[in-house]
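If you read the protein sequences in the order shown, they are chains A and B. Taking numbering that gives the first Met the number 0 as reference, the numbering of the first sequence is continuous, increasing by one, and the terminal residue is 255. Taking numbering that gives the first Met the number 0 as reference, the numbering of the second sequence is continuous, increasing by one, and the terminal residue is 205. The C-beta atom is built at its ideal place from N, Cα and C for all residues, glycine as well.
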Amino acid sequence: MSTSLPPPPQSNPMYSYSTNTSTSTISGPGSHQRPLSMRDSMSRSPNPPPAAPNGAGAAGGGAAGQNILDRPLNKTRGSEVALASWAFMFAEIVSYSQSRVDSVADLEQRLTTLGYETGQRVLGLLLLRSAQASHMKDPRREHRLIPILQFVHTQVYKYCFGRPADGLERSVEGEDEYMITMNQPPLTQNISIPKDMSQLSCEAFTAGIVEGVLDGLDVPARVTAHTVSTDQYPQRTVILVKLDQKVMDRETVLGK
Amino acid sequence: MSFYLAIVSPLDTPLYELQFGSAKPTATSNSASSSTSSFPSWSTFTGSNGSDASIAAAGAGAGAGASASGSGSTGPGGAGGAGALAANANANLGLLGSGPGGEKHLLQMVAHASLDAVEETSEGTGTLYLKAVDRHNEWTVSAFIAANVKLILLHDQKNDDGIRLFFGDVWELYTKIALNPFHSVNTPIRNPLFETRVRASAKKFL
Numbered sequence: 000m001s002t003s004l005p006p007p008p009q010s011n012p013m014y015s016y017s018t019n020t021s022t023s024t025i026s027g028p029g030s031h032q033r034p035l036s037m038r039d040s041m042s043r044s045p046n047p048p049p050a051a052p053n054g055a056g057a058a059g060g061g062a063a064g065q066n067i068l069d070r071p072l073n074k075t076r077g078s079e080v081a082l083a084s085w086a087f088m089f090a091e092i093v094s095y096s097q098s099r100v101d102s103v104a105d106l107e108q109r110l111t112t113l114g115y116e117t118g119q120r121v122l123g124l125l126l127l128r129s130a131q132a133s134h135m136k137d138p139r140r141e142h143r144l145i146p147i148l149q150f151v152h153t154q155v156y157k158y159c160f161g162r163p164a165d166g167l168e169r170s171v172e173g174e175d176e177y178m179i180t181m182n183q184p185p186l187t188q189n190i191s192i193p194k195d196m197s198q199l200s201c202e203a204f205t206a207g208i209v210e211g212v213l214d215g216l217d218v219p220a221r222v223t224a225h226t227v228s229t230d231q232y233p234q235r236t237v238i239l240v241k242l243d244q245k246v247m248d249r250e251t252v253l254g255k
Numbered sequence: 000m001s002f003y004l005a006i007v008s009p010l011d012t013p014l015y016e017l018q019f020g021s022a023k024p025t026a027t028s029n030s031a032s033s034s035t036s037s038f039p040s041w042s043t044f045t046g047s048n049g050s051d052a053s054i055a056a057a058g059a060g061a062g063a064g065a066s067a068s069g070s071g072s073t074g075p076g077g078a079g080g081a082g083a084l085a086a087n088a089n090a091n092l093g094l095l096g097s098g099p100g101g102e103k104h105l106l107q108m109v110a111h112a113s114l115d116a117v118e119e120t121s122e123g124t125g126t127l128y129l130k131a132v133d134r135h136n137e138w139t140v141s142a143f144i145a146a147n148v149k150l151i152l153l154h155d156q157k158n159d160d161g162i163r164l165f166f167g168d169v170w171e172l173y174t175k176i177a178l179n180p181f182h183s184v185n186t187p188i189r190n191p192l193f194e195t196r197v198r199a200s201a202k203k204f205l
């Protein structure tokens, strides 16, 4: 770790983030060393505080001092996260969330919100990468319902979990309900739900990812996760997508 | 050649705005300056008859009457209608005031007025790059659907390929910003390096 890191240009949350992760020894004028919470960054006043003497772009040195705009976006080789690390972090997320809620529904809501934030970013990244793979020649996204759901089922699941989902079906109960099933969801495979919380499914996080992706593709939906165990797959999880009426109306207008 | 770029959040609030000139035609004069003089002038909004504020104000009463009675476009009514249009334009401009600040508001207005057209167009197609979705006087509005946000560019010359590549660059920059956990889709972008990068890519492609 380089010791001659310049101070962050200003106390923008973004810089605080990039430096907080790298080192805690630097101290520059106007630099926040305390970790900012998400709420902090959202409720900031529109006028940023005056910049520190070091101008923007002066960040040199190693990768730790780089601005986030300088970091490559598509360096994926060797940057996969181990499942063990994920399991540990997710366990912390769940227990942290649980200490701040008083019902199972609230807990699921919290996990869904986290997943939603993830989904929004996953979508942007996936679309950007596929567009860049074709050198920005006619960048596209899916705009019809079924291809969108297939995109979630295949691309998004593959990106997040390493393999596509096991099933995509339309509910028999309603035209606007679709189900994405996964027999052994990898994110939550190490989680055992206590008996008194049998309603809980930690896959609510996945539901949030799906909801975030769908919302980004202009398909608002209410997405929930349910554990529907079978003898063969006790952890089989169904992500239930209940589409907004607006989506169904638009599909009717666009036709076949 | 002048441009105005806006990044618009899902809630239709501007996250980032930038107006700049092009480096291509007169590479010597404006390398990084957003010389406001290169922007279309106010007069383009005050009607073709070149009416100034006082004339338009005088015509405002009669013109308003004419347009209220069903936009009668015959004879003097037509002239009154034109006057009313000019008066309306002038009234808007009067609120904003002239000068660089006012110009920015006007550009912002044009960009946001095109959002309906952008959404209408994007519903029926899968392409992310929507070229020339809207026109306003000499400005053409092109848009890019970057997942959650929309990139809107006002330009006065046709340059499809350049604009597409420019959008691609800005999209990548935005994605990098958006991946930051301290950034939400509705956080305005205040990274000074972002502007530097956008200007650099504008220089390259526009």
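Limits of the alpha helix (DSSP H) - the one that residue i falls within
i              : result
residue 119(A) : 103-132
residue 275(B) : It is not possible to answer for residue 275(B), since the shown part of chain B is limited to 0 through 205.
residue 207(A) : 203-215
residue 131(B) : It is not in any alpha helix (DSSP H) - residue 131(B) instead sits in the beta strand (DSSP E) that spans 128-135.
residue 157(A) : 156-160
residue 84(A)  : 82-97
residue 150(A) : 144-150
Beta carbon of residue i nearer than 8 angstroms to that of residue j
i              : j              : result
residue 85(A)  : residue 199(A) : no
residue 236(B) : residue 173(B) : The displayed coordinates of chain B run from 0 to 205. Any statement about residue 236(B) would go beyond what the structure contains.
residue 153(B) : residue 66(A)  : no
residue 138(A) : residue 128(B) : yes
residue 158(A) : residue 121(A) : yes
residue 80(A)  : residue 144(A) : no
residue 82(A)  : residue 175(B) : no
residue 114(A) : residue 177(B) : no
residue 122(B) : residue 249(A) : yes
residue 211(A) : residue 118(A) : yes
Residue i at chain A interface by Cβ criterion, 8 angstroms
i              : result
residue 171(B) : yes
residue 120(B) : no
residue 15(B)  : no
residue 146(B) : yes
residue 192(B) : yes
residue 31(B)  : Residue confidence is low: residue 31(B) scores 38 on pLDDT, short of 50, so the model does not pin down where it sits. Its coordinate-derived value is still stated next. Judged by the 8 angstroms Cβ criterion, residue 31(B) is not in contact with chain A.
residue 126(B) : yes
residue 139(B) : no
residue 184(B) : yes
Cβ separation of residue i and residue j, assumed to be a contact under 8 angstroms, to the nearest whole Å
i              : j              : result
residue 199(B) : residue 170(B) : Between residue 170(B) and residue 199(B) the Cβ distance is about 15 angstroms, and since that is not below 8 angstroms, they are no contact.
residue 114(B) : residue 197(B) : Not quite, the Cβ-Cβ distance comes to about 20 angstroms (not below 8 angstroms), so this is no contact.
residue 185(B) : residue 12(B)  : 7 angstroms
Neighbour flag for residue i against chain B, beta carbons, 8 angstroms
i              : result
residue 189(A) : no
residue 246(A) : no
residue 195(A) : no
residue 175(A) : no
residue 123(A) : yes
residue 127(A) : yes
Cα-Cα separation between residue i and residue j, rounded to whole angstroms
i              : j              : result
residue 209(A) : residue 2(B)   : 36 angstroms
residue 131(A) : residue 163(B) : 12 angstroms
residue 17(B)  : residue 195(A) : 55 angstroms
residue 134(A) : residue 172(A) : 43 angstroms
residue 75(A)  : residue 142(B) : 29 angstroms
residue 15(B)  : residue 5(B)   : 6 angstroms
residue 139(B) : residue 165(B) : 16 angstroms
residue 225(A) : residue 206(A) : 9 angstroms
residue 38(A)  : residue 156(B) : Confidence at residue 38(A) is low in this model, with a pLDDT of 38, below 50, so its placement is unreliable and no value can be given for it.
residue 170(A) : residue 227(A) : 14 angstroms
residue 220(A) : residue 213(A) : 7 angstroms
residue 161(B) : residue 0(B)   : 13 angstroms
residue 197(A) : residue 104(A) : 12 angstroms
residue 36(B)  : residue 188(B) : Because the pLDDT at residue 36(B) is just 45, under 50, the model does not fix this residue reliably, and the value given afterwards should be weighed accordingly. Distance between the alpha carbons of residue 36(B) and residue 188(B): 26 angstroms.
residue 180(B) : residue 237(A) : 28 angstroms
residue 195(B) : residue 203(B) : 12 angstroms
residue 190(B) : residue 99(A)  : 33 angstroms
residue 252(A) : residue 87(A)  : 47 angstroms
residue 174(A) : residue 19(B)  : 49 angstroms
residue 243(A) : residue 215(A) : 14 angstroms
residue 69(A)  : residue 229(A) : 48 angstroms
residue 88(B)  : residue 21(B)  : Summary for residue 88(B): the model assigns pLDDT 43, below 50, so the residue's position carries little reliability, and this model does not support an answer.
residue 105(B) : residue 245(A) : 33 angstroms
Range of the contiguous beta strand (DSSP E) that encloses residue i
i              : result
residue 247(A) : Looking at the DSSP string, residue 247(A) is not in any beta strand (DSSP E); the run it does join, the alpha helix (DSSP H), is 244-253.
residue 177(A) : 176-181
residue 221(A) : 220-226
residue 171(A) : Note, residue 171(A): premise wrong, no beta strand (DSSP E); not H, not E.
residue 18(B)  : 13-20
residue 199(B) : That residue, residue 199(B), is in no beta strand (DSSP E); its alpha helix (DSSP H) goes 191-204.
residue 150(B) : 148-154
residue 164(A) : It is not in any beta strand (DSSP E) - residue 164(A) carries neither H nor E in the DSSP assignment.
Within chain E, the residues that residue i reaches when beta carbons sit closer than 8 angstroms
i              : result
residue 215(A) : Absent here is chain E; the protein component of the structure consists of chains A and B.
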